[in-house]
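Q: Residue 140 in UniProt numbering sits at position 140 of the sequence shown; the count goes up by one each step and never skips.
Glycine residues also receive a C-beta, built at the ideal position from the N, C-alpha and C atoms.
Nothing here was measured: the structure is a model prediction, and the numbers come from that model.
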Amino acid sequence: MPHWHCIKKQKNPLHYIAFNIARINSRLLELELSALEQEKQLAIIASPRLTAAHEKTASIKQGTEIPYVSRDNDTIRVEFKEAVLGMEVTPIIQRSNKIRLLLKISQNTPGIALVQGGSEHLSIDKQEIMTEVTIHDGETLMLGGIFQQKQQQHAAKIPFLSSLPLLGILFSHKRDQHSRHELVIFITPQINLIFLV
1 MPHWHCIKKQ KNPLHYIAFN IARINSRLLE LELSALEQEK QLAIIASPRL
51 TAAHEKTASI KQGTEIPYVS RDNDTIRVEF KEAVLGMEVT PIIQRSNKIR
101 LLLKISQNTP GIALVQGGSE HLSIDKQEIM TEVTIHDGET LMLGGIFQQK
151 QQQHAAKIPF LSSLPLLGIL FSHKRDQHSR HELVIFITPQ INLIFLV
């Protein structure tokens with residue numbers, strides 16, 4: 001059974017972080033994740049591998065650069081903003097096969113386009129976790145709690161008929177769609193000894 005610690009909580013109408021840490025058996029984890037994916041209870045987004053040296057920071061990013069048009073006076077430029085899932089890790093190898101990890105995990109998603117003074121600026125919604133954890137070599141660490149909630153309203157209507165007084169409601173349809181996703185990250189550090197001869 002995982003042991004959970006609530007580290008940080010932050011709420012806002014669309015996003016919030018309830019950061020949890022668990023240490024779990026990596027052999028059982030693969031079986032559980034595979035079963036949940038087959039039941040369509042989760043989707044594995046990526047399984048990257050990252051190598052980092054003792055006390056050296058390594059990073060990895062996955063995502064896209066979003067183009068947007070920027071206008072400044074009479075100049076029109078295409079600029080880009082990153083919307084990525086990223087991780088920075090600094091491992092510090094300790095005695096007894098323990099590893100202290102300095103972690104920074106971020107998820108940036110496209111926000112809304114803001115128009116100001118004839119110029120359009122793209123906002124990026126950011127969520128970040130920064131933590132320091134000590135675990136054993138080969139042990140799996142689970143970081144969870146980056147939630148994203150989306151609320152969308154869809155409307156369908158028949159032109160002209162939907163604008164008729166009293167009868168118009170019969171020719172239009174509104175639907176609210178709510179979705180909630182949680183990003184969970186599993187990290188299994190392994191010490192690889194390199195002997196120089």
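In terms of alpha-carbon separation, which member of Thr140, Lys61 and Leu167 lies closest to Met87?
A: Selected option, being the one with the closest Cα: Lys61.
Q: Measuring CB to CB, does Glu55 end up less than 8 Å from Glu82?
A: Not a contact, by the Cβ cut-off of 8 Å.
Q: Under 8 Å by Cβ, that's how I've got Val78 and Pro67 pegged, so tell me the actual separation to the nearest angstrom.
A: The Cβ separation is near 5 Å, so the contact holds.
Q: According to DSSP, is Gln38 part of a helix, a strand, or is it coil?
A: Three-state DSSP puts Gln38 in a helix.
Q: According to DSSP, Lys100 sits in a beta bridge with which residue or residues?
A: Here residue 100 turns out to be Arg, not Lys, going by the sequence shown. DSSP, once it has assigned bridges, lists Ile92 and Thr134 as partnering Arg100.
Q: Name the two residues that bound the continuous beta strand (DSSP E) containing Gln62.
A: First-last of the beta strand (DSSP E) with Gln62: Ala58 to Asp72.
Q: Excluding the 5 residues flanking Asn12 on each side, which residues of the same chain have their C-beta closer than 8 Å to its C-beta?
A: Any answer about Asn12 is weak, because its pLDDT of 39 lies below 50 and its placement is not dependable; what the coordinates show is given next. Taken in chain order, the list of residues that qualify is empty.
Q: What's the gap between the Cα of Asp137 and the Cα of Gln190?
A: Approximately 5 Å between the Cα atoms of the pair.
Q: Quick check on the DSSP output: what are the complete beta strand (DSSP E) runs of length 3 or more inside the stretch 147 to 182, in order along the chain?
A: Listed in chain order, there is nothing to give.
Q: To the nearest angstrom, how far is the alpha carbon of Arg49 from that of Ile187?
A: Each residue's Cα considered, the two are about 10 Å apart.
Q: On the CB-based measure, 16 or more other CB atoms within 10 Å of its CB, does Pro165 come out buried or exposed?
A: Exposed, because fewer than 16 other Cβ atoms sit within 10 Å of the Cβ of Pro165.
Q: Rank Pro91, Glu30 and Asp72 by C-alpha distance to the C-alpha of Glu132 and give the top, closest one.
A: Comparing Cα-Cα distances from Glu132 to each of Pro91, Glu30 and Asp72, the minimum goes to Pro91.
Q: Please say whether Ala52 and Val89 have beta carbons closer to each other than 8 Å?
A: Yes. Within cutoff.
Q: Less than 8 Å between the C-beta atoms of Leu36 and Leu29, yes or no?
A: Contact flag unset, no.
Q: Report the CB separation of Lys174 from Gln153 in whole angstroms; it is logged as a contact under 8 Å.
A: Right, their Cβ atoms sit about 6 Å apart.
Q: Taking Ile112 as the reference, which of Asp125, Thr140, Gly145 and Leu183 has the closest Cα?
A: Of the candidates Asp125, Thr140, Gly145 and Leu183, the one whose C-alpha sits nearest the C-alpha of Ile112 is Asp125.
Q: Please report the distance separating the alpha-carbon of Asp74 from that of Ser123.
A: Their backbone Cα atoms lie some 22 Å apart in a straight line.
Q: Where Gln38 and Leu31 are concerned, what is the direct C-alpha to C-alpha distance, given to the nearest angstrom?
A: Approximately 11 Å between the Cα atoms of the pair.
Q: Between Ser162, Ile194, His121 and Asn97, which has its C-alpha nearest Phe80's C-alpha?
A: Nearest option by C-alpha distance: His121.
Q: With distances taken between CB atoms, is the gap from Thr134 to Arg180 smaller than 8 Å?
A: Contact: no.
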